[in-house]
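Okay, structure first, notes after.
Protein chains: 2
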Amino acid sequence: MPEHRSGKPRYHHGDLRNALVRAAVDLARDGGPEAVVLRAAARRVGVSATAAYRHFSGQSDLLAAVKDHAQQCLVAAMEESREGIRGEGVEAAREGVKALGRGYVRFALREPGLFRSAFCGTVDPLGADAAGPPHGGQHHPQVRSFQMLTESLDALAEAGALPATRRQGAELSAWAMVHGVAVLIMGRHLGELTQEQTTQVVERAFDDLVAGLAAP
Amino acid sequence: MPEHRSGKPRYHHGDLRNALVRAAVDLARDGGPEAVVLRAAARRVGVSATAAYRHFSGQSDLLAAVKDHAQQCLVAAMEESREGIRGEGVEAAREGVKALGRGYVRFALREPGLFRSAFCGTVDPLGADAAGPPHGGQHHPQVRSFQMLTESLDALAEAGALPATRRQGAELSAWAMVHGVAVLIMGRHLGELTQEQTTQVVERAFDDLVAGLAAP
DNA sequence: CCGCCATGTTTACAGCGTCAACATGGAGCA
DNA sequence: TGCTCCATGTTGACGCTGTAAACATGGCGG
Numbered sequence: 001m002p003e004h005r006s007g008k009p010r011y012h013h014g015d016l017r018n019a020l021v022r023a024a025v026d027l028a029r030d031g032g033p034e035a036v037v038l039r040a041a042a043r044r045v046g047v048s049a050t051a052a053y054r055h056f057s058g059q060s061d062l063l064a065a066v067k068d069h070a071q072q073c074l075v076a077a078m079e080e081s082r083e084g085i086r087g088e089g090v091e092a093a094r095e096g097v098k099a100l101g102r103g104y105v106r107f108a109l110r111e112p113g114l115f116r117s118a119f120c121g122t123v124d125p126l127g128a129d130a131a132g133p134p135h136g137g138q139h140h141p142q143v144r145s146f147q148m149l150t151e152s153l154d155a156l157a158e159a160g161a162l163p164a165t166r167r168q169g170a171e172l173s174a175w176a177m178v179h180g181v182a183v184l185i186m187g188r189h190l191g192e193l194t195q196e197q198t199t200q201v202v203e204r205a206f207d208d209l210v211a212g213l214a215a216p
Numbered sequence: 001m002p003e004h005r006s007g008k009p010r011y012h013h014g015d016l017r018n019a020l021v022r023a024a025v026d027l028a029r030d031g032g033p034e035a036v037v038l039r040a041a042a043r044r045v046g047v048s049a050t051a052a053y054r055h056f057s058g059q060s061d062l063l064a065a066v067k068d069h070a071q072q073c074l075v076a077a078m079e080e081s082r083e084g085i086r087g088e089g090v091e092a093a094r095e096g097v098k099a100l101g102r103g104y105v106r107f108a109l110r111e112p113g114l115f116r117s118a119f120c121g122t123v124d125p126l127g128a129d130a131a132g133p134p135h136g137g138q139h140h141p142q143v144r145s146f147q148m149l150t151e152s153l154d155a156l157a158e159a160g161a162l163p164a165t166r167r168q169g170a171e172l173s174a175w176a177m178v179h180g181v182a183v184l185i186m187g188r189h190l191g192e193l194t195q196e197q198t199t200q201v202v203e204r205a206f207d208d209l210v211a212g213l214a215a216p
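Top to bottom, those sequences are chains A and B.
If you use full-length UniProt numbering, the first sequence corresponds to residues 1 to 216, in order.
If you use full-length UniProt numbering, the second sequence corresponds to residues 1 to 216, in order.
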């Protein structure tokens, strides 16, 4: 794998696709999905605009790549957040769910541009991995995050904090609450909040969530 | 107030601002906020693109007008949905909250373009009505919908289905759950759902919400 | 060593938001 | 009644965008 750090501009870039994705991700980071401008990404890489068409079918395809990366970042934030929460009791199970939510919300507030990019457009339900991963490859990132949620809710049910009769369908309630909290705070729909107010309001929402799931 | 339905193209339109808003709203209805293209709206009205600058400071200003209209539509949907739910008991209070949520979600699913337009960009927290309505005018639509939510939560508390100690901060939980449900279903993040599956999953989420709010 | 074709470039076009300069005609005043 | 002013429209231009077509380059397999 050759290194391409040399300043010499060579006709063939060598790693243009990834370079474009990195540039596009940077654009998305500050500016959101609408800032992912194909020509701007090409300009940053030092390449002509149309060169991008050798690696992407168009701007929307580049944006899709950014979206994939953003979803992976979201998953990473969730995984990091629940590290160490591995107990067996009811409280540990509840903390597992909350930790996932905290990672989700913190990512949205720390990287609003990427978070918005991760959920832009409609997720095509007939993606490349519609029938499972083809050759042992990875699931789509969003599938992965949904799987984490499922596991944590299973643990919640196993610990007795979620009646078995209500286990099915719990994913939507949990995801909706967490996503809604993230979107509303990120969009400043509750006004400007101090960091302390933010954590307070977020924790309250998570408490309501797990309490609702625990109801008979 | 003159009528301008005549086919004769007159140099001075007479009601251009509202005509442009109507056209822009139509664009937003199918296509969302990114479909609100100034030149397209002007074309629909049969007027030059730059004419719009006599009534709007630019495209973002036109989009802001669309957003206002969309928020009013959302409020109307919520009001219609809770019509007739005026009882006094605990169950009536719960139904009041749920009715608001149902109107919210149904609007999002019936008019996704308008719903997305209603929440595009960040709500500028220092809007024209930051210090209350200036001269007896209306509150900003979003303030109105938030007020409806507040009232229904007050009723819930009064009926005993929301402990007084947890009354404060309940708005976020409720709004987040409802908003999250709307966004996730609208964005097809749970796959394609039949109408029946949709109502089922929505009602479940609302059950979890009111159960969570009722917890001690 | 050579030729192919993956990967780059240049050029071009239409549509977008926006500005400047110009045109029109209705409302108010002489 | 008639004139004039300016709110409201128009045309033209600029730079930006996405994208297509035609052309250039040079690394790699034969």
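The beta carbon of each residue, even a glycine, is placed where N, CA and C say it ideally should be.
Nothing here was measured: the structure is a model prediction, and the numbers come from that model.
- Proximity of chain B to A/His-179 at the Cβ level (cut-off 7 Å) is accounted for by Gly-180, Val-183, Leu-184, in chain order.
- Comparing C-alpha distances from A/Ser-145 to each of A/Gly-191, A/Glu-171, A/Pro-163, A/Val-37 shows the shortest one belongs to A/Glu-171.
- For B/Phe-115, no chain A residue has a Cβ inside 8 Å of its Cβ, as the nearest lies near 13 Å away.
- B/Leu-109 has a beta carbon lying at 8 Å or more from every beta carbon in chain A.
- A/Arg-167 is outside the set of residues whose beta carbon lies under 8 Å from a beta carbon in chain B.
- A Cβ-Cβ distance of about 16 Å is found for the pair A/Ala-108 and A/Ala-174, leaving them out of contact under the 8 Å criterion.
- A/Phe-115 carries a helical assignment under DSSP once its states are collapsed to helix, strand and coil.
- Taken through DSSP and simplified to helix, strand or coil, B/Ile-85 comes out as coil.
- Distance from the CA atom of B/Ala-92 to the CA atom of B/Gly-191, rounded to whole angstroms, is 33 Å.
- Within chain B, the residues placing a beta-carbon under 7 Å from that of A/Asp-208 are Ser-173, Gly-212, Leu-213, ordered along the chain.
- Taking a Cβ-Cβ threshold of 8 Å, none of the residues of chain B is close to A/Ala-42; the smallest such distance is about 22 Å.
- Per DSSP, the unbroken alpha helix (DSSP H) holding A/Leu-184 starts and ends at 170-186.
- Note that the C-beta distance between B/Leu-162 and B/Leu-100 is not below 8 Å.
- Listed in chain order, the non-local C-beta contacts of A/Val-36 below 6 Å within the same chain comprise Ala-24, Leu-27, Ala-28, Leu-63, Val-66, local neighbours out to five positions each way being set aside.
- Neighbours of A/Ala-159 in chain B, taken as residues whose beta carbon is under 7 Å from its own, are absent, since the nearest beta carbon is some 17 Å off.
- Under the Cβ distance rule, B/Val-201 counts among the residues neighbouring chain A, one pair being separated by less than 8 Å.
- A direct Cα-Cα distance of roughly 10 Å separates A/Ser-81 from A/Val-75.
- A Cβ-Cβ distance of about 13 Å is found for the pair A/Val-201 and A/Leu-209, leaving them out of contact under the 8 Å criterion.
- Chain-ordered, the chain A residues with CB closer than 7 Å to the CB of B/Phe-119 read Gly-187.
- With respect to the 8 Å criterion, B/Leu-184 and A/His-179 are classified as neighbours on the basis of their beta carbons.
- Under the 8 Å criterion on CB atoms, A/Leu-156 is classed as non-interfacial with respect to chain B.
- Contact annotation: A/Cys-73 and A/Glu-111 have beta-carbon atoms nearer than 8 Å.
- Contact check for B/Ala-155 and B/Gly-89: beta-carbon distance about 10 Å, past the 8 Å limit, so the pair fails to qualify.
- Where B/Val-36 is concerned, there is no enclosing alpha helix (DSSP H), because DSSP gives it neither an H nor an E.
- Judged by their CB atoms, B/Leu-20 and B/Ala-70 are not nearer to each other than the 8 Å cut-off.
- Beyond the five residues adjoining it in sequence on each side, B/Ala-157 comes within less than 7 Å, by CB distance, of Ala-164, Arg-167 in the same chain, given in chain order.
- Among the residues facing chain B, A/Leu-190 is included, as its CB has a counterpart in that chain under 8 Å away.
- Bounds of the alpha helix (DSSP H) holding A/Thr-199 are 195-214.
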